[in-house]
Amino acid sequence: MEMDEGLKRAAETGNIDALYSFIHHDANVFKRIDEMEFVDTPLHDAAVAGNTGFAMEMMNLKPSFARKLNQDGFSPLHLALLTGKPEMVVDFLSVGKDLIRVKGKGGFTVLHHVALDENYAHLLRRLLNVCPDCIFDLTVERQTALHIAAEKNKLEAFKAMLEWIQSAFEDDKCKRSKILNYQDKDGNTVLHLAASINHPQMIKLLIECEEVDKNKINDRGFTAMDVLQRQTVADNMESVNILNSNPLTFQKLSKLKLLRDEIKEMRDETVGVLLIVFALVLTMTYQGVLSPPGRVFQGDATASTSSNHREGKSVMKTSSFLIFYIPNGVAFLIS
């Protein structure tokens with residue numbers, strides 16, 4: 025008991041030297057703690073206190089503590105988040121990214137808890153990038169983090185996850201469809217839950233995803249539209265109209281952007297070709313001015329002094345020379 029209290033104090037104060045003193049005194053001290061099914065380990069205590077250095081040392085010595093739940097159903101990672109230490113969460117994940125998927129009370133992972141707190145919306149993308157498959161983790165109610173955000177009206181977290189899903193699974197329609205149409209224990213999709221709280225923005229964001237099935241039926245036999253229409257809320261017409269609409273989907277918008285970029289690229293290439301042609305025309309017209317077709321008469325000591333064969337005069341007939349020279353001169357001036 026005295027040793028347990030000493031370990032707790034060492035964890036709370038971040039005293040790593042004291043930690044090793046206990047190991048010298050009893051080499052099996054952590055083994056006995058680990059044999060307990062639910063317990064606050066020194067790693068739990070360090071997480072609550074925010075002692076990252078001690079926590080990382082503890083994880084190195086006893087990795088299994090990182091997955092251990094305490095009597096309240098929380099792992100050290102859960103406690104770091106719930107006590108307001110998001111950066112410590114990131115540090116923990118550098119040791120083991122799959123720690124995100126450890127389920128605590130209610131089957132909640134750290135991602136589920138992050139989805140509930142708007143202050144941690146910035147952390148969502150970091151967690152998802154570290155472990156993309158955690159987006160599919162379910163609570164005991166068979167809800168994803170996206171379900172949680174929709175049901176609890178956490179718009180910023182909802183938007184962040186939806187944007188990440190569209191980006192991360194851009195080339196995997198199957199995964200997009202799976203997460204967007206997943207049904208919880210009552211058969212509700214994310215769209216059903218957004219409709220149940222009459223949230224026009226969430227509904228609009230969802231139906232802009234082409235994989236979302238608006239006609240999916242829950243365990244009560246209701247579609248999302250049925251859920252909306254059964255409400256007694258007077259101002260649900262905006263949600264109804266949005267659900268009835270056929271907006272541009274995220275994928276269609278992406279294709280339009282790609283087409284726009286291709287057109288711009290073609291335009292840039294066309295400009296380059298025109299510049300080359302322009303340079304060639306300029307060179308040719310300039311050369312034509314200097315050296316007309318048919319050459320010019322050359323002067324020498326024995327040359328005739330006839331007026332028709334003056335030095336520098338074009339060999340071409342006057343009419344033919346003018347037919348060449350005038351258009352060539354105009355082209356030269358324009359270029």
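According to this note's numbering, the stretch in the sequence shown is residues 25 to 359, in order.
The C-beta atom is built at its ideal place from N, Cα and C for all residues, glycine as well.
In this text the structure is predicted, and so the values were computed from the model without any measurement.
- For the 8 Å CB-CB criterion, L151 and L135 form a contact.
- A Cβ-Cβ contact shorter than 8 Å links G131 with V164.
- Take the alpha-carbon of A73 and the one of Q253: they are about 49 Å apart.
- With distances taken between CA atoms, E235 lies nearest to K202 out of M261, S263, K202.
- Cβ atoms of M80 and D115 come within 8 Å of each other, at about 7 Å.
- A distance below 8 Å separates the beta carbons of F98 and G128.
- The beta carbon of N212 sits closer than 6 Å to the beta carbons of N242 from its chain, once the five residues preceding and following it are set aside; these are given in chain order.
- Around the Cβ of I47, a 10 Å sphere holds fewer than 16 other Cβ atoms; the residue is exposed.
- With a contact defined as Cβ atoms closer than 8 Å, I227 and L215 qualify at about 7 Å.
- Judged by beta-carbon spacing, L186 lies beyond the 8 Å limit of I231, meaning their Cβ atoms are not closer than that value.
- Shown here, I231 sits in a helix according to DSSP, grouped into three states.
- Going by beta carbons, A181 and A145 fall inside the 8 Å limit.
- Look at F193 here: in three-state DSSP terms it is coil, with no helix or strand label.
- Linking F62 to K197 through their CA atoms gives a straight-line distance of about 40 Å.
- A distance of 8 Å or more separates the beta carbons of L101 and V138.
- The beta-carbon distance between S269 and P224, rounded to whole angstroms, is 11 Å. This is too long to meet the 8 Å contact definition.
- Cβ contact annotation for S220 (same chain, cutoff 6 Å, sequence separation greater than five): V251, in chain order.
- Residue burial is scored here from C-beta neighbours: N239 has fewer than 16 other C-beta atoms within 10 angstroms and is therefore classed as exposed.
- In the three-state scheme derived from DSSP, where H, G and I count as helix and E and B as strand, F182 is classed as helix.
- The straight-line gap separating the alpha-carbon atoms of R244 and C233 is approximately 24 Å.
- Counting along the chain, I124 sits inside no alpha helix (DSSP H), nor does DSSP assign it H or E at all.
- Cβ-Cβ distances below 8 Å link L140 to I172, A173, K176, K178, A181 in the same chain, with the five nearest sequence neighbours on each side left out; the list follows chain order.
- Ranked by how close their Cα comes to the Cα of A184, the residues Q207, L229, S45 have L229 in first place.
- When N75, G108, T133 are compared, the shortest CA-CA separation from L93 is found for T133.
- Secondary structure of H68 (DSSP, three-state): helix.
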